Amino acid sequence: MRKIDNDSIASLLRKHGISPTSQRIKIAGLMLSCMEHLSADQIMLSVNRRKAEASKATVYNTLKLFVKKGLVREVIIDPSRILYDPNTSRHHHFYDVVTGELQDIDASELSILNLPPLPKDRILEGLDIIIRTRPMTV
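Just so we're aligned, residue 398 is where the sequence shown starts under the working numbering, counting upward by one.
In structure tokens, the structure reads:
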């Protein structure tokens with residue numbers, strides 16, 4: 398885990414059009430220092446490890462804002478499992494359905510042929526692929 402100072406985090410938040418409150422700095426610092434795929438509950442537990450500093454609503458609202466402003470990506474595994482990814486570069490994921498581990502796949506390692514034409518008056522916003530895996534049984 399790399400440590401990022403609060404001034405650098407505040408500057409990064411401002412660069413993304415986000416006001417750097419103490420809770421936002423703490424949440425962003427956690428995510429950017431560990432560079433892992435975390436759930437909102439994992440983030441809340443970690444932020445509040447020493448003492449309660451951010452409510453559940455604050456964590457969820459902050460994550461929603463971070464996604465909207467492009468600081469993190471939302472990875473929807475299924476409707477009940479959403480993870481937040483501080484890696485905003487183009488990439489996809491392997492998801493282990495047994496362990497719940499999410500692993501990055503560089504976009505250059507995957508090619509997609511024959512995408513259907515987009516509906517009229519639509520442009521491609523993004524393409525997120527999650528390849529679900531499980532251990533082979535013997």
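Where a beta carbon is used, it is the ideal one built from N, C-alpha and C, also for glycine. Please read these numbers as outputs of a predicted model, since none were measured by experiment.
Going straight from the alpha carbon of I406 to that of N484, what length do you get? Position 9 of the sequence shown, counted from the start, is the residue given in the question as residue 406. Position 87 of the sequence shown, counted from the start, is the residue given in the question as residue 484. Between the alpha carbons of I406 and N484 lies a distance of about 15 Å.
Can you give the beta carbon distance from Y492 to I527, rounded, assuming they're within the 8 Å contact cut? Here residue 492 is taken as the residue at index 95 of the sequence shown, counted from 1. Here residue 527 is taken as the residue at index 130 of the sequence shown, counted from 1. Sure, about 5 Å apart at Cβ, within 8 Å.
Assign I520 to one of two classes, buried (16 or more other C-beta atoms within 10 Å of its C-beta) or exposed (fewer than that). Here the question's residue 520 lines up with position 123 in the sequence shown. Only exposed fits I520, as fewer than 16 other CB atoms lie within 10 angstroms of its CB.
Looking only at its chain, what residues have a beta carbon closer than 7 Å to the beta carbon of L427, apart from the 5 residues adjacent to it on each side? If you number the sequence shown from 1, residue 427 lands on position 30. Correct list, in chain order: I440, S443 and V444.
Below 9 Å between beta carbons: does that hold for K466 and S430? Counting from 1 along the sequence shown, the entry for residue 466 is found at position 69. Counting from 1 along the sequence shown, the entry for residue 430 is found at position 33. No.
Out of curiosity, what's the CA-to-CA distance linking R446 and A454? Stepping through the sequence shown from its first residue, residue 446 is reached at position 49. Stepping through the sequence shown from its first residue, residue 454 is reached at position 57. Separation of R446 and A454 (C-alpha to C-alpha, rounded to the nearest whole angstrom) is 17 Å.
To the nearest angstrom, report how far apart R614 and T534 are at their CA atoms. The displayed coordinates of the chain run from 398 to 535. Any statement about residue 614 would go beyond what the structure contains.
Just to confirm, is the Cβ distance from D409 to A425 under 9 Å? On the sequence shown, residue 409 is found 12 positions in, with the first residue counted as 1. On the sequence shown, residue 425 is found 28 positions in, with the first residue counted as 1. Strictly speaking, residue 409 in this sequence is Leu, with Asp absent from that position. It is a contact, given that the beta carbons lie within the stated cut-off.
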